[in-house]
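In our numbering, the protein residues as written are 1 to 320.
Think of the CB as a built atom: it goes at the ideal place given N, C-alpha and C, for glycine as much as any other residue.
In what follows, a single structure is set out as structure tokens and then discussed.
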């Protein structure tokens, strides 16, 4: 039986937005991440993907719900301890803003090695050289600052920092979206190689469904703070169920007739994206869905397992 490394139980993350208003960035989410898998977390900007990441990592204190990581339970009042941060790491979208420009690479990488006592202090430099080799950076990068290297190299340093503590789990928050296409494939291939070598578990956050198709085991689709579909990757791309998923997949650019045939029929949005401060009653997608029914305007659908392992939140698949 597969073991869950991370479980989100009724997770809520709301932010105040003026008088008597809140942004429901993450709204009552249940989600498990299986040890050793790559879970793709996709959706448009503002869907809540990164908020989940930052909440899991303790950068936000959740409004409600539980986060269970490697058997330890974290509620809204619990700080992440040193053991959590040794086992769980994050790679941010913009490496330029996540690396201290006043430190050299040696200083950046030595900190987690010292904090978590990965190696004796007299072996730290050798360990840094080993890690730089792992991410295919030359040894002379030890003494370079982030300002002196390119965007792709900065992201490699960020990945190097993430693996310094020998973690079990890494959140990848759009790790290639700010990079040139020429370096994106290298970064992704390296991340997948590290996963296999170190038996890592990833949440891979992206808005690029073409990328996630090739790297994930399962895909979770977010819309306005909720997961609307969760499926094994192959099945998701072959038969997306939620109208929002169909809309996203039909918009993927393709370069051949063969790829075009594999795409779902084009599904266009028929309305505007609601404000996260003023999410409509019922299904939150009802303002954009061409299949909208009266029930969709009043009742928020429940997540339902339509096929083994394939869940969807949509009244089109309800038993009623």
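Pairing residue 78 with residue 24, the inter-Cα distance amounts to about 21 Å. Proximity to residue 219 across 11, 32, 283 peaks at 32, based on C-alpha coordinates. The beta-bridge partner set that DSSP reports for residue 78 is empty. Taking the Cβ atoms as the reference, residue 89 lies roughly 12 Å from residue 175, outside the contact range of under 8 Å.
Between residue 205 and residue 53, the beta carbon gap of about 6 Å places them in contact (Cβ cut-off 8 Å). Using a 10 angstroms sphere on the CB of residue 162, the tally of other CB atoms reaches 16 or more, which defines it as buried. Residue 233 carries a helical assignment under DSSP once its states are collapsed to helix, strand and coil. The beta carbon of residue 65 lies closer than 6 Å to those of 9, 10, 11, 12 in the same chain, with the five residues before and after it left out. Three or more Cβ pairs closer than 8 Å define a contact, and the region 282-295 falls short of that threshold against the region 37-44. Residue environment: residue 27 is assigned as buried (16 or more neighbouring CB atoms within 10 Å of its CB, all protein chains considered). Using a Cβ distance threshold of 9 Å, residue 316 and residue 241 count as a contacting pair.
In this structure, the alpha-carbon of residue 193 lies about 10 Å from that of residue 200. Residue pairing of residue 40 in beta bridges, as defined by DSSP: 204, 219. It is roughly 17 Å from the alpha-carbon of residue 233 to the alpha-carbon of residue 2. Excluding sequence positions up to five before and after residue 298, its CB lies within less than 8 Å of the CB of 281, 282, all in the same chain and listed in chain order. In this chain, the beta strand (DSSP E) harbouring residue 8 covers 4-16. Counting other Cβ atoms within 10 Å of its Cβ, residue 153 reaches 16 or more and is therefore classed as buried.
The distance from the Cβ of residue 252 to that of residue 210 is about 5 Å, consistent with a contact at the 8 Å cut-off. Of 165, 119, 191, the smallest CA-CA separation from residue 173 is found for 191.
For residue 48, the number of other beta carbons within 10 angstroms of its own is at least 16, and it is reported as buried.
Approximately 5 Å separates the beta-carbon atoms of residue 109 and residue 128; this is inside 8 Å, confirming the contact. An exposed status is given to residue 21, since fewer than 16 other beta-carbon atoms sit within 10 Å of its beta-carbon. A distance below 9 Å separates the beta carbons of residue 95 and residue 158. By the neighbour-count definition (other C-beta atoms within 10 Å, threshold 16), residue 318 is an exposed residue.
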